[in-house]
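Everything below concerns the one structure shown next.
Residue numbers (UniProt numbering): 1 to 280.
Right under this line is the structure:
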């Protein structure tokens with residue numbers, strides 16, 4: 001199932017257009033389909049095009065009298081705008097390596113969060129070929145994997161710039177034994193964090209840290225390490241596979257992993273409401 005889906009996404013990457021549907025079909029129904037593909041896959045970009053930004057801009061510029069022609073077309077246009085603008089809980093980084101071992105992890109996490117708080121939230125995938133300024137739809141950038149990630153000096157510069165602009169990185173080692181490779185690559189003496197923030201140390205968070213009680217009071221203190229500049233946390237790392245219970249939707253047995261995710265966002269935003277996507 002995964003390979004055919006990926007082939008379809010690759011095709012859509014090459015052929016997506018914000019201004020015209022494939023084969024001259026109904027345009028507003030096409031936009032609705034773009035929104036469904038974007039939200040289901042998590043991708044912010046098709047190719048290098050921000051599908052929501054481009055689609056929303058076109059709709060706003062072409063509306064007449066608060067609508068888009070017929071009731072049917074207006075309905076599809078509004079569905080695109082409303083569903084696509086939901087706040088983004090996490091951005092997930094697509095990098096050169098095994099970044100997507102748990103492809104439905106964030107989909108399940110955001111569904112749980114939306115139901116829990118009766119407010120729709122989304123997730124999305126970003127990549128290192130885009131501008132850092134476009135990464136701030138979500139307060140936290142998730143980097144996960146089981147093997148050593150490959151980052152060029154330019155990639156590291158972008159990750160560092162994202163943090164200096166106010167973002168936070170969360171890295172998660174997956175797959176238990178295999179994940180030790182990723183764990184060492186991220187937090188080892190010559191690892192990613194030592195290159196990103198050579199003047200700061202990755203330290204274990206104490207059990208009484210506010211993250212564990214920011215909203216939910218976690219019964220189990222999932223081990224977290226963090227880098228702080230003395231004012232705020234810049235990055236966090238865990239060698240516990242948080243994405244496994246998210247991927248399997250194990251809300252009962254993995255409750256702490258779901259609640260910790262919300263606490264992290266709550267802490268990173270200083271308890272503020274998440275911005276709607278597209279807010280500048």
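Think of the CB as a built atom: it goes at the ideal place given N, C-alpha and C, for glycine as much as any other residue.
- Residue pairing from DSSP leaves residue 52 without any beta-bridge partner.
- Assignment of residue 246 by DSSP, reduced to helix, strand and coil, places it in the helix class.
- Within the DSSP secondary-structure output, residue 123 pairs in a beta bridge with 90.
- Annotation: residue 70 is outside any beta strand (DSSP E) and is labelled neither H nor E by DSSP.
- Annotation: residue 254 to residue 246 spans about 8 Å, alpha carbon to alpha carbon.
- In this model, residue 167 and residue 54 are separated by some 24 Å (Cα to Cα).
- Bounds of the alpha helix (DSSP H) holding residue 38 are 27-41.
- Here residue 182 is buried: its Cβ has 16 or more other Cβ atoms, across all protein chains shown, within 10 Å.
- A distance of 7 Å or more separates the beta carbons of residue 86 and residue 35.
- DSSP places residue 211 within a helical segment (H, G or I) once states are collapsed to three.
- In this structure, residue 209 keeps its C-beta atom at 7 Å or more from the C-beta atom of residue 266.
- Ranked by how close their Cα comes to the Cα of residue 269, the residues 233, 174 and 256 have 233 in first place.
- Taking every protein chain shown into account, the CB of residue 150 has fewer than 16 other CB atoms within 10 angstroms, so this residue is exposed.
- Fewer than three Cβ pairs drawn from the stretch 62-77 and the stretch 40-48 lie within less than 8 Å of each other, which leaves the two stretches out of contact.
- For secondary structure counted as the beta strand (DSSP E) over 3 or more consecutive residues, the stretch 133-160 holds these complete runs in sequence order: 140-145.
- Nearest C-alpha to residue 88 among 240, 142 and 103: 142.
- When only Cα atoms are considered, residue 152 and residue 74 end up about 45 Å apart.
- The beta carbons of residue 192 and residue 165 sit about 18 Å from each other, so the pair does not count as a contact at 8 Å.
- A direct Cα-to-Cα measurement between residue 41 and residue 104 gives close to 9 Å.
- When the beta-carbon positions are compared, residue 32 and residue 79 come within less than 7 Å of each other.
- The straight-line gap separating the alpha-carbon atoms of residue 236 and residue 225 is approximately 6 Å.
- Relative to the Cα of residue 158, the nearest Cα in the group 134, 176 and 228 belongs to 134.
- Sequence-distant partners of residue 205 (beyond 5 residues in either direction) whose C-beta falls short of 6 Å from its own C-beta, in its chain, are 224 and 226.
- Between residue 91 and residue 126, the C-beta gap is smaller than 7 Å, which places the two residues in contact.
- Within the model, the alpha-carbon separation for residue 241 versus residue 176 is close to 7 Å.
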